[in-house]
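Chains as they are written, first to last, in the UniProt record's numbering: chain A, 1 to 199; chain B, 1 to 199; chain C, 1 to 199; chain D, 1 to 199.
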DNA sequence: TATGAATGAGTTTTCATTCAT
DNA sequence: AATGAATGAAAACTCATTCAT
């Protein structure tokens with residue numbers, strides 16, 4: 001029984017309309033803020049209000065929540081992805097590159113409260129987000145990990161940890177980090193790297 | 001099995017009359033089932049129905065969802081907690097004990113759909129659950145970790161990883177494991193241990 | 001992106017709860033009234049308000065709009081269905097029986113504003129209603145029509161009009177009858193019968 | 001075909017400049033298409049998109065949905081209206097003329113998905129549509145009906161069926177015909193005519 | 001003239017939670 | 001003690017309509 005807005009539902013809006021462009025960015029900024037405060041599952045209404053627009057406007061620009069989330073974090077994901085190859089060149093050792101890159105990623109996830117939570121594909125609508133993260137970052141984590149492993153020589157874990165598991169593992173380790181001062185995601189992640197590179 | 005009597009409530013009752021826990025147990029059984037099927041966030045109504053009682057009854061026994069979850073998993077958490085000291089004695093090395101115990105914990109977490117998700121204290125109402133897990137298991141993980149560290153000698157991480165971080169880290173690594181066949185929580189956890197014990 | 005009512009959505013209702021039974025009937029009465037005023041597509045909220053209950057209560061009793069509509073009109077549909085065989089016995093001729101029965105049906109449909117509109121299965125959610133009407137009344141209309149045809153002798157229309165077409169035709173002829181004083185559904189329907197029985 | 005020029009707008013323009021109707025026609029074509037696909041209740045946006053114009057343009061040309069619908073079907077309604085007198089002359093009997101004309105009307109209504117539904121004046125905003133149909137076609141149906149009645153001699157229905165009732169009755173009988181293969185609007189309509197002309 | 005961004009009311013549906021019986 | 005009816009806040013999503021540009 002979806003709806004169908006028949007004649008009855010027609011009523012002129014109380015106050016006029018028509019503010020122009022610029023909404024897109026206002027929306028992105030507002031969403032980023034709200035995501036930090038309430039997580040990526042925050043009500044659309046909340047975002048709209050914060051942005052000073054109507055909910056319809058949010059839906060116009062980002063028909064699904066995923067698209068909004070992806071848009072909000074695209075810049076940072078891109079930056080993170082691009083940092084990988086660069087670090088490999090600039091760092092003293094591949095292991096350093098990997099550690100630095102991962103720290104970058106952790107910082108990103110921890111700063112954006114709720115992002116880590118949204119990263120595992122369970123939540124409805126965060127699938128696109130998950131896919132985007134995985135698609136963009138797994139290749140990077142894979143190559144950094146491979147380089148580091150090659151550099152430290154044979155390790156003791158046979159079917160070696162792959163880039164996907166590393167990325168998701170790191171992502172998971174960041175969950176709740178922002179709100180729990182006794183929890184040190186960074187240290188855990190570095191320990192995980194150490195473990196992955198143990199000869 | 002709504003009629004299952006509490007295992008040790010037989011013989012001459014030491015307490016006055018002693019036979020309340022009837023729906024209590026039915027509730028626990030039902031909740032356990034539902035948690036497996038639909039996760040720990042399943043509607044209360046679903047649990048009540050499965051148990052053959054009214055929702056009011058659920059609330060009477062377990063005013064908050066947390067209390068219900070805690071009750072459901074208490075047995076297993078206890079078993080896990082008690083396994084710690086025993087493993088320390090039985091295992092060849094403290095590291096073995098730690099690894100085995102953590103694997104036990106991982107198994108528990110991964111088997112119970114959604115438990116790992118509920119474990120980090122973000123969600124309103126899961127605080128009691130979180131507190132119970134932490135209160136009961138952190139001492140165990142701490143002592144196992146300490147023993148293992150003592151055994152392997154000095155490690156390279158200065159303010160060493162503590163039992164709380166280990167427990168929560170492991171918990172986080174288990175998130176989503178059940179629904180993602182490409183994700184290997186166990187391997188990640190073992191790598192984490194390796195990292196924590198790297199000289 | 002259905003929903004999922006997480007912790008955040010939990011807020012104690014401002015005013016208490018728990019009025020007992022009797023809602024069912026209040027609901028039915030209210031719905032009947034609202035259907036007359038606004039058609040069977042009236043917002044659920046409107047019905048709930050008129051009945052003095054919350055929307056949840058409506059959904060509890062009638063999970064789909066169809067079930068509500070069917071419940072509202074069941075009595076009258078039953079009465080109509082049962083009148084068929086009786087009229088066949090009591091009337092002077094089968095044609096009289098048919099005409100009287102159809103007039104009964106018309107009266108029913110026209111009185112309940114919007115019922116005729118809902119009768120054709122297009123509207124979302126009125127499928128069950130449609131099925132109920134058809135299932136219950138087509139057999140009646142069929143037998144009355146057959147009896148009348150048998151009585152008047154051979155007619156000029158070869159593949160004779162069947163009970164289904166008669167019922168739906170009559171139903172359609174009643175659409176809008178209540179709100180258009182210049183439109184005489186009854187006369188049209190009687191003409192239709194005449195046409196169906198023309199030798 | 002957005003560039004299709006209005007058929008008779010060629011030659012030397014008798015009016016000042018005369019070449020506005022451009023998007024007007026594109027709109028009409030698009031609306032016709034959309035009406036067939038999604039019914040006359042299709043979202044305005046859909047029509048605008050199909051026509052390659054903004055919604056504002058639709059509103060500029062057709063402030064109400066009715067006006068759009070009327071415009072879309074004007075040609076065909078005109079054709080139908082003009083067919084009446086012609087059929088009266090060309091047909092063997094006035095009854096034949098009436099039957100043929102009504103069949104024409106039925107064909108028109110059934111082909112246009114949702115048109116029959118929109119024809120009864122209930123829905124807000126379809127008033128203009130209703131008025132146009134009635135204003136244009138009732139005179140035709142009246143005269144054809146009158147001629148047929150005069151030809152068959154006295155009938156048994158006292159206040160005889162008028163052209164308005166005939167037209168609306170036929171319209172109603174067409175509702176849902178397109179989507180229900182078991183429903184034969186044409187046969188019903190012919191039966192109705194038979195009934196109206198029964199001596 | 002045309003555009004289309006913006007608006008926001010309106011509707012459905014789900015559940016946690018209370019409390020009269 | 002148990003029950004489950006009742007409540008109503010919430011959240012998603014759709015579209016008709018306006019109006020700044």
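No residue lacks a Cβ here, since even glycine has one placed at the ideal position from N, Cα and C.
Discussion item. Let me check understanding here. Comparing Cα to Cα, which of A/146, A/166, A/172, A/87 lies closest to residue 115 of chain A?
Written reply: Nearest of A/146, A/166, A/172, A/87 to residue 115 of chain A, Cα basis: A/172.
Worksheet item: Are residue 74 of chain A and residue 132 of chain A closer than 9 Å when you measure CB to CB?
Response: yes
Worksheet item: At a Cβ threshold of 9 Å, is residue 188 of chain C touching chain D?
Response: Closer than 9 Å to some Cβ of chain D, the Cβ of residue 188 of chain C qualifies, so yes.
Worksheet item: What does residue 173 of chain D reach in chain C if we use C-beta pairs closer than 7 Å?
Response: 169, 172, 173
Worksheet item: How should residue 81 of chain A be labelled, buried or exposed, when 16 other C-beta atoms within 10 angstroms of its C-beta is the threshold for buried?
Response: buried
Discussion item. Here's the rule I'm using: 16 or more other beta-carbon atoms within 10 Å means buried, otherwise exposed. How should residue 47 of chain A be labelled?
Written reply: Buried is the call here.
Worksheet entry | Partners in chain D for residue 127 of chain C, counting only beta-carbon separations shorter than 8 Å | Annotation: residue 127 of chain C has no Cβ neighbours in chain D at a cutoff of 8 Å; minimum Cβ distance is about 12 Å.
Fill in: Proximity below 9 Å, CB of residue 36 of chain A to CB of residue 129 of chain A
no
Fill in: Members of the stretch 52-63 of chain C near chain D, C-beta cut-off 9 Å
Listed in sequence order: no entries.
Worksheet item: Would a check of beta-carbon distances place residue 154 of chain C closer than 9 Å to chain D?
Response: It does not; no Cβ of chain D falls within 9 Å.
Worksheet item: Quick one, which residues of the stretch 22-39 of chain B are near chain A if we go by CB-CB under 8 Å, in chain order?
Response: Taking 8 Å as the Cβ-Cβ cut-off against chain A, none of the residues of the stretch 22-39 of chain B qualify.
Discussion item. Give the list of continuous beta strand (DSSP E) stretches no shorter than 3 residues that lie fully inside the stretch 88-140 of chain B.
Written reply: none
Discussion item. So with CB distances below 8 Å, who are the chain B contacts of residue 115 of chain A?
Written reply: Under the 8 Å cutoff, chain B gives no residues; its nearest Cβ is about 13 Å from residue 115 of chain A.
Worksheet item: Using a C-beta cutoff of 9 Å, does residue 194 of chain B count as contacting chain A?
Response: yes
Discussion item. Do residue 196 of chain C and residue 191 of chain D count as a contact pair if the criterion is CB distance below 9 Å?
Written reply: The Cβ-Cβ distance between residue 191 of chain D and residue 196 of chain C falls below 9 Å.
Fill in: Closest residue to residue 152 of chain B among B/49, B/84, B/104, B/199 (Cα-Cα distance)
Nearest option by C-alpha distance: B/199.
Practice prompt. From the DSSP output, in three-state form, read off residue 23 of chain A for me.
Written response: helix
Worksheet item: residue 181 of chain B to residue 183 of chain D, Cα distance in whole Å?
Response: 53 Å
Practice prompt. Consult DSSP for residue 56 of chain A and reduce its assignment to one of helix, strand or coil.
Written response: helix
Worksheet item: Between residue 68 of chain A and the rest of its own chain, which residues show a CB-CB distance below 6 Å, the 5 nearest in sequence each way excluded?
Response: So the list reads 31, 62, once near-sequence residues are dropped.
Worksheet item: For residue 154 of chain B, is the classification buried or exposed, using 16 other Cβ atoms within 10 angstroms of its Cβ as the cut-off for buried?
Response: Exposed: under 16 other Cβ atoms inside 10 Å.
Practice prompt. Closer than 9 Å by beta-carbon distance: list the chain B residues that pair up with residue 161 of chain A, in chain order.
Written response: 184, 187, 188, 191
Worksheet item: Is the beta carbon of residue 28 of chain A within less than 8 Å of some heavy atom of the ligand GTP?
Response: This structure does not include the ligand GTP; it has no bound ligands of any sort.
Worksheet item: With residue 88 of chain B and residue 58 of chain B assumed to form a contact (beta carbons below 8 Å), what rounded beta-carbon distance in angstroms separates them?
Response: That belief does not hold up - the Cβ atoms of residue 88 of chain B and residue 58 of chain B are roughly 39 Å apart, past 8 Å.
Worksheet entry | Straight-line Cα distance separating residue 118 of chain D from residue 125 of chain D | For residue 125 of chain D, the predicted structure reports a pLDDT of 49, less than 50, and the residue's modelled location is therefore unreliable. A value from the coordinates is still provided. Between residue 125 of chain D and residue 118 of chain D, the C-alpha separation is close to 10 Å.
Practice prompt. Counting only the same chain and skipping the five closest in sequence on each side, list residues whose C-beta sits under 8 Å from that of residue 156 of chain C.
Written response: Close CB contacts of residue 156 of chain C within its chain, under the 8 Å cut and outside five residues either way in sequence, are with 198, 199 (chain order).
Discussion item. Quick check on the burial criterion: 16 or more other C-beta atoms within 10 angstroms. Buried or exposed for residue 52 of chain D?
Written reply: exposed
Worksheet item: Tell me which same chain residues have a C-beta within less than 7 Å of the C-beta of residue 95 of chain D, skipping the five on either side of it?
Response: 148, 151, 152, 197
Discussion item. For a test of the three-state rule: what should DSSP assign to residue 40 of chain D, helix, strand or coil?
Written reply: Residue state, collapsed to three classes: coil.
Worksheet item: Nearest-angstrom Cα distance between residue 34 of chain B and residue 50 of chain B?
Response: One C-alpha to the other measures close to 8 Å.
Practice prompt. Starting from residue 194 of chain A, trace the alpha helix (DSSP H) both ways and give me its first and last residue.
Written response: 185-196
Worksheet item: Shortest alpha-carbon distance to residue 110 of chain D belongs to which of D/43, D/193, D/76?
Response: D/76
Practice prompt. With a cut-off of 8 Å on the beta carbons, I'd call residue 163 of chain A and residue 141 of chain A a contact; round off their distance for me.
Written response: 4 Å
Practice prompt. Note down, in chain order, every chain C residue with its Cβ under 7 Å from the Cβ of residue 164 of chain D.
Written response: 182
Worksheet entry | Check whether residue 168 of chain C and residue 176 of chain D have beta carbons under 9 Å apart | The Cβ atoms of residue 168 of chain C and residue 176 of chain D lie closer than 9 Å to each other.
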